[in-house]
Amino acid sequence: MNIPDTKTPRIVVVGGGFAGISLIKGLQKSKVQIVLFDRHNYHTFQPLLYQVSTAGLEPDSIAYPLRKVFRKNKNFHFRMAEVNHITTHTKTIETSIGNLSYDYLVLATGTKTNFFGNNNIATHGMAMKNIPQALNIRSLILQNIERADISEKADERKRLLNFVIAGAGPTGVELAGAIAEFRKSILQNDYPFLKREEMEVHLIEGSDRVLSPMSHRASKNAQKFLEKLGVNIHLNTFIQDYDGITVKTNSTLTLETATFIWAAGVIGAPIKGLDGDALLRSNRYKVNRYNQIEGYENLYALGDIAYMETEAFPKGHPQVAQPAIQQGKKLAKNMKAKLGGGSMKPFVYFDKGTMATIGRNKAVCDIGKRSLGGPFAWFLWMFVHLWFLVGFRNRVITFFNWTYNYINYDKAARLIIRPFKNHKS
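In structure tokens form, the structure reads like this:
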């Protein structure tokens, strides 16, 4: 794989998400060789994937080349590859392009969609964990609306214009709000033969409220905003099956749909090779307060794949961007201290708050004990997401798109560039 030999410590990082990026940024001036592996050559700003899937943004607005992030660091090397196995006793990783030895290995592989063993849902449902999947959803939504526009059968139109989302966490709530706004702003202008009331959005949640990780006030506000947009919310309802046509639940509710989006759970994406108690049933690596994987001194895990029990978070930190970013920064400081003969300091998570947007001028935000909702929370949500986007160009393009969408009630990215080959068609 053409990685030069080095006399300095080699730190191998697997995963170019928030955690991996934060760690490498903190180590750039250190006398170490850094090798980053990722299956894509870009960093994805995952909190805005739903906007790509609902035609609010183009994918290049939320993606940034990993090589470009660190191109000024001569001791940094990126390789686009799959890491398949870790051999700890030889300190070697096996990848799709060859093997490489390491002095320190950091796993920041994140999560993948959890279908809870339901093969039908995995086969027929749509996941949204990366940009290709988001583009598939965008194409499928637009293709189904186009098909409905020419269909003369009422039952077929109903199925094509029925959008069902499983899971009312931040992803599900934001998706439901964005699709409902699509109906409000686009359908009546671009598809005069389709009636607004023909397009339905259903949000199905197993718990007794939407946004269950957030405060009760935020949940109540989010549900009110969604209902005002016309979203049908089904609480205390579990999906049992989806065969490509009918969604079946644990109640009498059944829905026929050609667009079923699964946002109801994630599971860790580990790498084979670690034995013992290091890997938990949730597929997360158990780490100590220094992000060291249990039983291994030179192996670390960061972000969504890391499970760290603390007094404040006895079930591990939430699998969102902020813990990943903060763990990456802290591990960079601890590695520099360790390499310099100093001692490491335990990680302490500072919760900066949780937020979700539900369409135009509508968002909810929990900051400490305060819960905000409405336009102010929406502007705060926009500012925070713009701030954390990687790359000045991405911030400018995203801000321009949001401003255009806000003024014109329009989603300019509603293009079927890469048609989704739907086996149900």
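Numbering (this note's numbering), first residue to last: 1074 to 1498. For each residue, glycine too, the CB sits at the ideal point set by N, CA and C.
DSSP three-state call for residue i: helix, strand or coil?
i: ILE1440; result: strand
i: GLN1216; result: helix
i: HIS1496; result: Confidence in HIS1496 is poor, its pLDDT being 48 and thus under 50, which makes the residue's placement unreliable; the coordinate value appears in the next sentence. Three-state result, HIS1496: coil.
i: VAL1360; result: strand
i: ARG1466; result: helix
i: ASP1228; result: helix
i: GLN1101; result: coil
i: ASN1172; result: strand
i: TYR1137; result: strand
i: ILE1334; result: strand
i: TYR1482; result: coil
i: LYS1268; result: coil
i: ASP1263; result: helix
i: ALA1429; result: strand
i: LEU1445; result: strand
i: ALA1351; result: helix
i: ASP1314; result: strand
i: VAL1339; result: strand
i: LYS1411; result: helix
i: MET1201; result: coil
Please go through the same chain and pick out, in chain order, the residues whose beta-carbon is closer than 6 Å to the beta-carbon of residue i, but skip the five residues on each side of it.
i: TYR1505; result: For residue 1505 there is no data in the structure shown, the boundaries of the chain being 1074 and 1498.
i: GLY1279; result: PHE1311
i: MET1287; result: THR1427 and ASP1439
i: GLN1106; result: THR1079, THR1081, ARG1083 and ASN1148
i: GLU1273; result: ASN1235
i: SER1444; result: SER1288, ARG1290 and ALA1291
i: PRO1132; result: VAL1125 and ILE1204
i: GLY1198; result: TYR1315, PHE1333 and TRP1335
i: PHE1398; result: Correcting the residue identity first, residue 1398 is Ile in this sequence and not Phe. Excluding residues within five positions, the ones whose Cβ falls inside 6 Å are PHE1091 and SER1095.
i: ASN1217; result: LEU1233, ALA1331 and THR1332
How far does the alpha helix (DSSP H) with residue i in it extend, from its first residue to its last?
i: SER1292; result: 1289 to 1301
i: MET1455; result: 1448 to 1461
i: ASN1235; result: Run containing ASN1235: none in the alpha helix (DSSP H); it sits in the beta strand (DSSP E), 1235 to 1239.
i: PRO1077; result: From DSSP, PRO1077 is part of no alpha helix (DSSP H); its letter is neither H nor E.
i: THR1196; result: 1192 to 1197
i: THR1127; result: Where THR1127 is concerned, there is no enclosing alpha helix (DSSP H), given that its DSSP letter is neither H nor E.
i: VAL1246; result: 1243 to 1255
Kindly identify the DSSP beta-bridge partner or partners of residue i.
i: LYS1345; result: HIS1158
i: TRP1475; result: Per DSSP, none; premise fails for TRP1475.
i: GLU1329; result: THR1319
i: PHE1151; result: LEU1109
i: LEU1372; result: LEU1178
i: ILE1166; result: ILE1159 and LEU1173
i: ASN1404; result: The question names Asn, but residue 1404 in the sequence shown is Leu. Answer is none; LEU1404 lacks a bridge partner.
i: ILE1366; result: VAL1360
i: ALA1379; result: TYR1358
How is the beta strand (DSSP E) around residue i delimited, first residue to last?
i: ASN1305; result: 1305 to 1307
i: GLU1273; result: 1273 to 1277
i: HIS1390; result: Element bounds for HIS1390: n/a, residue is neither H nor E.
i: LYS1185; result: 1184 to 1186
i: ARG1083; result: 1083 to 1087
i: TYR1115; result: 1115 to 1117
For residue i, which residues of its own chain have a beta-carbon under 8 Å away from its beta-carbon, when the five flanking residues on both sides are left out?
i: GLU1271; result: ALA1221, ARG1230, LYS1231 and LEU1234
i: GLN1296; result: ARG1282, VAL1283 and ILE1306
i: ASP1483; result: SER1258, ILE1259 and TYR1477
i: GLU1367; result: GLY1349, ASP1350, ALA1351, TYR1358, LYS1359, VAL1360 and ASN1361
i: THR1160; result: ILE1166, GLU1167 and GLY1346
Sort the options by Cα distance to residue i and report the nearest one.
i: ASN1148; options: ALA1128, ILE1076, ILE1490 and LYS1484; result: ILE1076
i: ALA1429; options: GLY1415, PHE1423, PHE1449 and ALA1410; result: PHE1449
i: MET1153; options: LEU1122, LEU1178, GLY1089 and GLN1124; result: GLY1089
i: ALA1291; options: TYR1422, LEU1353 and LYS1442; result: LYS1442
i: LEU1308; options: THR1476, ASP1314, LYS1293 and GLU1273; result: LYS1293
i: SER1224; options: ALA1253, LEU1267, GLU1254 and LYS1257; result: LEU1267
i: LEU1276; options: ARG1256, LEU1299, LYS1257 and SER1095; result: LEU1299
i: ILE1489; options: LYS1098, ASN1193, SER1095 and PRO1205; result: PRO1205
i: ASP1424; options: TYR1479, VAL1339 and PHE1386; result: PHE1386
i: LYS1388; options: GLY1413, ILE1398, LYS1359 and ASN1203; result: LYS1359
i: GLN1365; options: PHE1472, GLN1400, TYR1115 and LEU1462; result: GLN1400
i: ALA1239; options: ILE1166, GLY1446, ALA1200 and ARG1468; result: ALA1200
i: THR1471; options: SER1134, THR1182, GLY1414 and ILE1097; result: SER1134
i: HIS1116; options: LEU1462, ALA1486 and ARG1468; result: LEU1462
i: SER1103; options: ASN1481, LEU1372, GLY1413 and ALA1136; result: GLY1413
i: PHE1452; options: GLU1382, GLY1464, VAL1246 and ALA1436; result: ALA1436
Closer than 7 Å by C-beta to residue i: which residues in its own chain qualify, once you throw out the five before and the five after it? Chain order, please.
i: GLU1155; result: ARG1112, THR1168 and SER1169
i: GLY1190; result: none
i: PRO1419; result: ARG1362 and TYR1363
i: ASN1193; result: ASP1314, TYR1315 and ASP1316
i: PRO1391; result: PRO1286
i: GLN1261; result: ARG1269
i: LEU1213; result: MET1199, THR1332, PHE1493 and ASN1495
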